[in-house]
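Working notes for the structure below.
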């Protein structure tokens with residue numbers, strides 16, 4: 001009877017295409033374990049009173065209540081006792097039901113949670129130093145990584161409510177960094193939606209955040225888009241960048257430090273310093289900038305980066321994620337930013353052992369960068385497959401790695 005365990009009961013609910021009654025659950029357990037009718041219906045005496053009970057059904061109900069306590073299944077209000085698991089969405093992915101939360105895996109530094117961050121973060125007592133995320137894009141047509149919203153206002157409300165509990169828990173001078181999609185057009189027209197501007201205003205006005213910068217992520221290897229307006233109608237240019245908003249709750253106490261993200265000097269600048277700096281006097285911009293002899297003669301630790309990220313989306317970690325997805329036979333995430341982007345902002349905006357949160361983790365690149373940089377992290381996503389791929393694709397070699405047996409159960413995705 002060792003095969004009658006929590007994993008089996010969870011797998012039965014996961015495999016079911018509809019809600020199950022307890023009788024249907026009993027029959028499925030009996031079938032999968034090949035238990036005879038006599039053995040399955042046998043009753044034994046329980047407790048001091050010696051009341052006869054069905055031991056197998058009692059154990060099944062105990063596992064059922066355990067899964068309920070873990071918010072993996074729920075009882076549906078109806079005339080019968082009906083239970084259901086997290087659902088498959090239109091893309092065939094295992095999307096956790098609303099209100100469910102489950103620890104998928106963890107390391108010594110962080111935790112990945114299957115579920116909605118708005119259900120967990122209001123009870124979090126840990127101060128958050130950085131929220132770094134790439135929310136689902138408000139595409140007109142739903143994709144695996146992007147939800148379909150009725151309109152821009154619906155999407156903006158969704159993002160604001162997701163960020164709200166995090167904004168309330170930010171340390172003084174903490175930051176919120178959002179990578180958002182730019183290529184959203186007004187229905188049937190080549191004009192772009194103003195949702196990025198409206199979202200920015202809503203975050204500042206409703207959550208008392210302040211805009212620190214808009215950082216374009218220039219990606220010249222982006223696939224051609226907008227295909228219809230640029231390639232067919234010839235009235236638009238091909239997109240080559242996405243926007244990254246950086247906000248804080250207190251610009252006077254912002255905890256950023258550009259010395260943590262210095263870049264190597266160019267060969268020409270290093271040669272200039274070695275020569276003792278400039279040997280000329282030049283005036284630029286009607287006297288606004290003056291170059292004097294000896295300028296740029298002091299050696300420094302590096303160059304301060306510009307507020308533009310020029311980086312393709314190709315990434316060794318992305319390739320590793322796809323390889324792990326193929327090994328597990330699971331669908332990979334359709335749009336991942338390179339790990340270099342969260343790596344940069346985590347170094348820029350936090351120090352070691354501080355907490356980084358990502359409410360829309362996807363492939364968990366934010367958590368991966370935080371782990372490598374010795375930051376604590378907390379990541380959320382509602383898609384079971386992506387957390388499973390990330391677990392062994394990225395995190396299994398880090399200290400303290402533990403994966404929930406439910407997430408590790410291969411039958412979960414069949």
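Numbering (the UniProt record's numbering), first residue to last: 1 to 414.
Each residue gets a CB set at the ideal place from its N, CA and C atoms; glycine is no exception.
These numbers were taken from a predicted model, which means no experiment stands behind them.
- In this structure, the straight-line span from the alpha carbon of residue 183 to that of residue 377 is close to 30 Å.
- Rounded to whole angstroms, residue 330 and residue 300 show a C-alpha spacing of 48 Å.
- Here DSSP, grouped into helix, strand and coil, assigns residue 37 to helix.
- Spanning the alpha carbons of residue 196 and residue 401 requires a straight line of approximately 38 Å.
- Remark: three or more beta-carbon pairs, one from each stretch, lie closer than 8 Å, so the stretch 377-394 and the stretch 114-121 are flagged as touching.
- Setting aside the 5 residues that flank it on each side, residue 105 is surrounded in the same chain by 112, 391, 403, each with a C-beta closer than 6 Å to its C-beta; the list follows chain order.
- Residue 175 and residue 193 have their alpha carbons spaced roughly 26 Å apart.
- For residue 223, the closest of 313, 305, 173, 161 by C-alpha to C-alpha distance is 313.
- Residue pairing by DSSP puts residue 358 in a beta bridge opposite 379.
- Taking each of 306, 237, 6, 165 in turn and checking the Cα distance to residue 209, the smallest one comes out for 165.
- The Cβ-Cβ distance between residue 128 and residue 357 falls below 7 Å.
- In the structure shown, residue 182 adopts coil according to DSSP, grouped into three states.
- The DSSP-derived three-state label of residue 304 is coil.
- Secondary structure note for residue 336: it is in no beta strand (DSSP E), with a DSSP letter that is neither H nor E.
- In terms of CA proximity to residue 56, 44 leads the group 49, 44, 48.
- With contact defined as three or more Cβ pairs closer than 8 Å, the stretch 233-249 and the stretch 151-160 are not in contact.
- Taking C-beta separations shorter than 6 Å and ignoring five residues to either side along the sequence, the partners of residue 126 in its chain run 355, following chain order.
- Remark: C-beta atoms of residue 310 and residue 177 do not approach each other more closely than 7 Å.
- Nearest Cα to residue 100 within the set 73, 61, 211: 73.
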